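Participant:
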Amino acid sequence: MTDKKMDMLEAMKASAKTVPATTEGKKAQTAVDKLNTTGFQPIFKLDDEGDQLFGLVVDYLAERGLIEQVDIITVTMLAKSLALYIAIARQVHGLEDVIQRYENGTSNVSGAFTALSKAQDQVLKLSAKLGLSPMDRTRILGAVANAGAANNRAQEGDAIDGLL
């Protein structure tokens, strides 16, 4: 984490500790305590929303011991894709935003909806790689278990060799 961000984070934490002991104050303290303290940084500059999403994903994975430095590439791409998806989704409200009509009477899927769809696909793919849904975690754990079982089987002289 850059020195500037660490200083800002420390200032926010100190400020939150001075908040009166109200329910809102406790919620604010809890939120500040949960900010990205792992020291992981995105591989390229994200906007504020992307940076916040990056921190949420990193913190989620770090709490479970599931993140390494090499994962930051994928997490950065996910944060960027999520931020783009959210920005585009805010622009698509109804059918008129999905279908583009031309003066000659033809129509096509709008660029905004195409971008929304592609961003959604990217988010789902990257989330799956990081195991961010229960189904993805189950699939990853199953693959690990199968690989472990395969490593424990005899390479020579097993049942398949008898078939040859």
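Just so you know, the sequence shown maps onto residues 1 to 164 in our numbering. No residue lacks a Cβ here, since even glycine has one placed at the ideal position from N, Cα and C. Given the structure is predicted, the values throughout are model-derived calculations rather than measurements.
Give me the DSSP bridge partner(s) of Q100.
Facilitator: N108
Participant: Could you check what DSSP says for I43 in three-state terms: helix, strand or coil?
Facilitator: coil
Participant: Check E49 in the structure and name its three-state DSSP category.
Facilitator: Reduced to three states, the DSSP call for E49 is helix.
Participant: Quick check on V75: does DSSP put it in helix, strand or coil?
Facilitator: helix
Participant: Between L78 and L124, is the Cβ-Cβ spacing less than 8 angstroms?
Facilitator: Cβ atoms of L78 and L124: not closer than 8 angstroms.
Participant: Kindly indicate which three-state DSSP category N146 falls into: helix, strand or coil?
Facilitator: Residue state, collapsed to three classes: helix.
Participant: Would you kindly work out how many angstroms separate the C-alpha atoms of G105 and Q120, rounded to a whole number?
Facilitator: 29 angstroms
Participant: Quick one, which of Q69, L53 and S110 has its alpha-carbon nearest F40's?
Facilitator: Q69
Participant: Drop a sphere of 10 angstroms on the beta-carbon of F54, count the other beta-carbons inside from all chains shown, and report buried for 16 or more, exposed for fewer.
Facilitator: buried
Participant: Can you give the beta carbon distance from L130 to L61, rounded, assuming they're within the 8 angstroms contact cut?
Facilitator: 7 angstroms
Participant: Measure the Cβ-Cβ separation of S110 and Q100 and say whether it is below 8 angstroms.
Facilitator: yes
Participant: One question on the structure: do I43 and I67 come within less than 8 angstroms of each other, judged by their Cβ atoms?
Facilitator: no
Participant: Taking all protein chains shown into account, do 16 or more other C-beta atoms lie within 10 angstroms of the C-beta of T166, making it buried, or fewer, making it exposed?
Facilitator: The question about residue 166 has no answer, for the chain in this structure spans 1 to 164.
Participant: Would you kindly check if the distance between the Cβ of K80 and the Cβ of L56 is under 8 angstroms?
Facilitator: no
Participant: Considering only residues of the same chain and omitting the five flanking positions on each side of T96, which have a CB-CB separation below 7 angstroms?
Facilitator: Sequence inspection shows Glu at residue 96; the Thr mentioned does not correspond to that position. For E96, where only same-chain residues beyond five positions count, there are no Cβ hits under 7 angstroms.
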